[in-house]
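Notes to accompany the following structure.
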Amino acid sequence: MNDAPRSPVSLPDAAGDAGVPCGAVVWITGLSGAGKTTLAMALVAQLRDRGRAAVLLDGDVLREVFEHDLGYALDDRRRCGRRYARLGGMLAAQGLHVVVATISMFEDLRRWNRAQLPRYVEVYVRAPAAVRHLRGTRARPGGEDGGRLIVGEDVPFEEPEMPDLVLDNDGSVALDQVAARLWEHVRGNLALDRE
1 MNDAPRSPVS LPDAAGDAGV PCGAVVWITG LSGAGKTTLA MALVAQLRDR GRAAVLLDGD
61 VLREVFEHDL GYALDDRRRC GRRYARLGGM LAAQGLHVVV ATISMFEDLR RWNRAQLPRY
121 VEVYVRAPAA VRHLRGTRAR PGGEDGGRLI VGEDVPFEEP EMPDLVLDND GSVALDQVAA
181 RLWEHVRGNL ALDRE
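Note that the numbering used here numbers the sequence shown so that position 78 is 78, with each residue one more than the last.
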């Protein structure tokens, strides 16, 4: 079975305008409690404040949207990653800037994103275990025995090999400064000032 996601559907005809400029996918990855969602919300706010059409796709929220049809076994986690990549690509093809906040534990899926998504920025948010636990890292149900598994502790997390930006969110720098660094990188990387 091929684990790589298929290419997102080509949407110029579906969008109704072949001239729609392609949006971007900003993929924010890191362990639970690292600050992915908080930084993603700040980035979406920055984009919207500057008149850009932007949407946040949060992994936890998407699981609810899809009615928890997938569990937390490795195969299900991989399917979730493929689903998020395809959805992000589809929305970006319609001109939206898509900010995805997800653990995204598989490097091969992030590699696929980099190869297949035209305007892709990968951001790795790191925080030490002690900080993540203070922030309320959530255990996830896993396995048929009902055990509780945490990615990065009980389940391996494949660190990104080639992120465009690494943000250390360990609490030593104010969160608004970390968010500002993220914004400056994304703005420059995607040449947003020239859109």
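Where is the CB? At the ideal position from N, CA and C, for every residue including glycine.
For the beta strand (DSSP E) holding residue i, just list the boundary residues, first then last.
| i | result |
| --- | --- |
| residue 126 | 120-126 |
| residue 68 | It is not in any beta strand (DSSP E) - residue 68 carries neither H nor E in the DSSP assignment. |
| residue 101 | 97-101 |
Where does residue i sit, in a helix, a strand or coil, going by DSSP?
| i | result |
| --- | --- |
| residue 37 | helix |
| residue 189 | helix |
| residue 117 | coil |
| residue 183 | helix |
| residue 58 | strand |
| residue 31 | coil |
| residue 108 | helix |
| residue 166 | strand |
Take residue i as the anchor and find which of the options has the nearest alpha-carbon.
| i | options | result |
| --- | --- | --- |
| residue 102 | 192, 186, 25, 175 | 25 |
| residue 164 | 153, 188, 171, 177 | 188 |
| residue 37 | 51, 68, 90, 104 | 104 |
| residue 119 | 41, 106, 98, 107 | 98 |
| residue 30 | 49, 51, 151 | 151 |
| residue 117 | 63, 89, 73 | 89 |
| residue 158 | 72, 108, 28 | 108 |
| residue 106 | 156, 51, 72, 64 | 156 |
Given residue i, which residues of its chain have a CB within under 7 Å of its CB, disregarding the five upstream and five downstream residues?
| i | result |
| --- | --- |
| residue 183 | 43, 46 |
| residue 70 | 76, 79, 80 |
| residue 186 | 26, 43, 121 |
| residue 190 | 24, 119, 121 |
Are residue i and residue j closer than 7 Å when you measure CB to CB?
| i | j | result |
| --- | --- | --- |
| residue 127 | residue 154 | no |
| residue 166 | residue 124 | yes |
| residue 110 | residue 160 | yes |
| residue 100 | residue 39 | no |
Tell me the residue span of the alpha helix (DSSP H) that contains residue i.
| i | result |
| --- | --- |
| residue 85 | 74-93 |
| residue 131 | 129-134 |
Once you ignore the five residues that flank residue i on each side, which residues in its own chain have a CB closer than 6 Å to its CB?
| i | result |
| --- | --- |
| residue 174 | none |
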